[in-house]
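Asks: Numbering (our numbering), first residue to last: 10 to 431.
#1: Find the nearest neighbour of residue 140 within the set 81, 304, 280, judged by alpha-carbon distance.
#2: Along the chain, where does the alpha helix (DSSP H) containing residue 79 start, and where does it finish?
#3: Exposed or buried, which one is residue 160 when buried takes at least 16 other CB atoms within 10 Å?
#4: Quick one: Cα of residue 80 to Cα of residue 70, how far?
#5: Quick one: residues in its chain with C-beta nearer than 8 Å to the C-beta of residue 137, no 5 flanking neighbours on either side, listed in chain order?
#6: To the nearest angstrom, report how far apart residue 296 and residue 285 are at their CA atoms.
#7: Going by alpha carbons, who is nearest to residue 324 out of 340, 312, 348, 278?
#8: Answer with buried or exposed for residue 50, where buried requires no fewer than 16 other C-beta atoms within 10 angstroms of its C-beta.
#9: I need the straight-line Cα distance from residue 196 to residue 214, nearest angstrom please.
#10: Exposed or buried, what is residue 342 when buried is set at 16 or more other beta-carbons lying within 10 Å of its beta-carbon?
#11: Taking Cβ to Cβ, would you say residue 129 is nearer than 9 Å to residue 156?
#12: State whether the stretch 75-90 contacts the stretch 106-126, with contact taken as three or more CB pairs (one from each stretch) at a distance under 8 Å.
#13: Please list, in chain order, all residues of the same chain as residue 190 whose beta carbon is under 6 Å from its beta carbon, the five residues on each side excluded.
#14: For residue 225, I'd like the list of residues in its chain whose CB is within less than 8 Å of its CB, leaving aside the five on either flank, ordered along the chain.
#15: If the criterion is Cβ atoms closer than 9 Å, does the pair residue 152 and residue 134 meet it?
#16: So the candidates are 46, 239, 148; which of them puts its Cα closest to the Cα of residue 168?
#17: Can the beta-carbon of residue 444 be found less than 9 Å from the beta-carbon of residue 304?
#18: Give the secondary structure of residue 235 by DSSP, where H, G and I count as helix, E and B as strand, and everything else as coil.
#19: Quick one, are the C-beta atoms of residue 41 and residue 312 less than 9 Å apart?
#20: Near residue 64, which residues of its chain fall below 7 Å by C-beta distance, leaving aside the five closest residues on each side in sequence?
#21: Does DSSP classify residue 262 as helix, strand or coil?
#22: Here's the rule: buried if 16 or more other CB atoms are within 10 angstroms of the residue's CB, otherwise exposed. What is residue 46?
#23: Here's the rule I'm using: 16 or more other beta-carbon atoms within 10 Å means buried, otherwise exposed. How should residue 181 be labelled?
#24: Using CA coordinates, which residue listed in 163, 154, 244 is at the minimum distance from residue 307?
#25: Quick one: which unbroken beta strand (DSSP E) runs of 3-plus residues sit fully inside the stretch 96-143? Chain order, please.
#26: Which whole-angstrom value describes the C-beta separation of residue 66 and residue 250, a residue pair presumed to lie in contact below a C-beta threshold of 8 Å?
Next up, the structure:
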């Protein structure tokens with residue numbers, strides 16, 4: 010995504026957030042301010058730190074998954090990836106930019122794009138499955154009661170159905186990949202006929218690569234029972250922290266909520282996130298705030314607006330800003346490290362280094378940028394939005410490597426012929 014698009018998205022987020030705040034405060038501004046004023050300084054620190062804490066928990070899931078590819082991968086590395094995903098998901102429509110930003114950071118951390126794509130697939134599959142099991146139990150326990158109190162809960166039900174279809178799509182895609190590849194061929198043909206896409210072959214190839222990567226990761230995951238259990242537990246904790254935050258805020262505001270209503274708050278929070286499936290705006294701004302007020306007014310009355318303001322600041326605005334800052338710091342740090350160590354053993358064949366040193370002419374094969382481009386390495390300073398599915402394909406051997414292999418075989422045959430003649 011271009012920088013101009015990011016700027017417009019930030020402006021759109023700001024405008025929609027301002028509109029949502031006006032909607033929340035227009036009828037009971039003084040009551041909302043009085044409720045927020047009752048919070049102690051310690052309580053305010055806890056509330057505003059809550060979003061940071063559950064994002065750090067998410068980073069622990071990346072640590073567990075990434076250690077398959079990098080043994081010395083740390084929790085801090087995972088936290089950087091988690092905040093990067095939060096930042097780019099929060100400023101792109103329908104959260105489409107999150108995984109591209111994360112793939113970029115994972116590459117800088119020493120994990121190839123193909124392995125990074127597998128890791129992100131695994132995280133998405135485990136998270137989506139855990140979330141749907143969690144929310145399904147909440148639906149069975151609480152949905153019918155609250156649906157009788159407001160017609161708006163029909164939107165939540167629709168959001169739940171959409172997420173169920175996503176899960177079914179993921180698992181049937183893993184079981185029957187050839188069916189979906191065939192459908193991609195037909196869809197590309199139809200769209201190209203109506204000129205909706207310019208390069209149908211590229212669409213087919215991209216889809217095939219994604220299908221292959223996804224199916225391979227599903228099979229690998231099925232053998233990693235320990236990793237599945239660890240990541241499921243981490244995601245359960247993360248979701249519980251996310252969903253219970255309105256209860257924590259209400260307690261600090263001295264709103265009359267009892268502990269036996271904690272499950273109601275967790276259920277209503279999950280319903281809000283279900284309905285966000287229909288809001289393709291960056292960060293689901295505007296719609297999320299309005300929907301929170303509507304859903305929680307059944308439990309909190311007019312003070313739902315006061316809870317919503319702090320809930321939204323903690324779960325979206327603070328981690329969005331912190332995510333952007335962490336991404337820029339990490340990007341500069343990794344690029345500086347690359348400049349200090351221009352030769353990486355992970356990306357360089359030692360045999361090629363030895364051969365180049367023995368050349369009589371001493372001429373380099375090309376500039377560093379040209380060599381990186383040939384190997385598919387993302388140049389430092391490029392934006393995560395510049396990544397494409399081509400970057401995530403397994404690398405093919407270069408033409409020079411193929412030539413060296415043929416020459417080596419030819420030399421071996423000639424040498425063998427000399428020995429026989431001798």
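All C-beta atoms in this analysis are idealised placements derived from N, C-alpha and C, irrespective of residue type, glycine included. A quick note: this is a predicted structure, and the numbers were derived from the prediction, not measured.
Replies: Checking against the coordinates, here is how it stands:
#1: Against the chain shown, residue 140 aligns to sequence position 131. If we check each option's Cα against that of residue 140, 280 comes out closest.
#2: Taking the first residue of the chain shown as 1, we reach residue 79 at position 70. Looking at the DSSP string, residue 79 is not in any alpha helix (DSSP H), and its letter there is neither H nor E.
#3: The residue given as residue 160 occupies position 151 in the chain shown. By the 10 Å Cβ count, residue 160 comes out exposed.
#4: Looking up residue 80 in the chain shown gives position 71. Looking up residue 70 in the chain shown gives position 61. Approximately 15 Å between the Cα atoms of the pair.
#5: Here residue 137 corresponds to residue number 128 of the chain shown, with the count starting at 1. 172, 175, 176, 179, listed in sequence order.
#6: Translated into the one-based positions of the chain shown, residue 296 becomes position 287. Translated into the one-based positions of the chain shown, residue 285 becomes position 276. Distance between the alpha carbons of residue 296 and residue 285 is about 8 Å.
#7: In the chain shown, the residue the question calls residue 324 occupies position 315. Per the Cα distances, 278.
#8: In the chain shown, the residue the question calls residue 50 occupies position 41. Looking at its Cβ environment, which holds fewer than 16 other Cβ atoms inside 10 Å, residue 50 is exposed.
#9: For the purposes of this step, residue 196 is identified with residue 187 of the chain shown, where counting begins at 1. For the purposes of this step, residue 214 is identified with residue 205 of the chain shown, where counting begins at 1. In a straight line, the C-alpha of residue 196 is about 13 Å away from that of residue 214.
#10: Along the chain shown, read from residue 1 onward, the residue named residue 342 stands at position 333. Flag for residue 342 reads exposed.
#11: By 1-based counting over the chain shown, the position of residue 129 is 120. By 1-based counting over the chain shown, the position of residue 156 is 147. No; because the gap between Cβ atoms is not below 9 Å, this pair is not in contact.
#12: yes
#13: In the chain shown, counting from the first residue as 1, residue 190 sits at position 181. So the qualifying residues of the chain are 217, 220.
#14: On the chain shown, residue 225 is found 216 positions in, with the first residue counted as 1. Excluding positions up to five away in sequence, the list reads 127.
#15: On the chain shown, position 143 is the one that residue 152 refers to. On the chain shown, position 125 is the one that residue 134 refers to. Not in contact: residue 152 and residue 134 (Cβ atoms no closer than 9 Å).
#16: Locating residue 168 in the chain shown gives position 159, where the first residue counts as 1. Of 46, 239, 148, the residue nearest in Cα terms is 148.
#17: Nothing can be reported for residue 444: it is not among the residues displayed for the chain, which extend from 10 to 431.
#18: Indexing the chain shown from 1 puts residue 235 at position 226. Three-state DSSP puts residue 235 in a helix.
#19: Residue mapping note: residue 41 aligns to position 32 of the chain shown, counting from 1. Residue mapping note: residue 312 aligns to position 303 of the chain shown, counting from 1. Closer than 9 Å, so yes.
#20: The count along the chain shown starts at 1 and reaches residue 64 at position 55. Excluding residues within five positions, the ones whose Cβ falls inside 7 Å are 91, 92, 95, 328.
#21: For the purposes of this step, residue 262 is taken as residue 253 along the chain shown, with counting starting at 1. If DSSP states are grouped into helix, strand and coil, residue 262 belongs with coil.
#22: On the chain shown, position 37 is the one that residue 46 refers to. Residue 46 is exposed by the Cβ-count criterion.
#23: For this step, residue 181 is matched to residue 172 along the chain shown. With fewer than 16 Cβ atoms within 10 Å of its Cβ, residue 181 is classed as exposed.
#24: The residue you call residue 307 lines up with position 298 of the chain shown. The residue with the shortest Cα to Cα distance from residue 307 is 154.
#25: none
#26: Locating residue 66 in the chain shown gives position 57, counting from the first residue. Locating residue 250 in the chain shown gives position 241, counting from the first residue. Correct: roughly 7 Å between the Cβ atoms.
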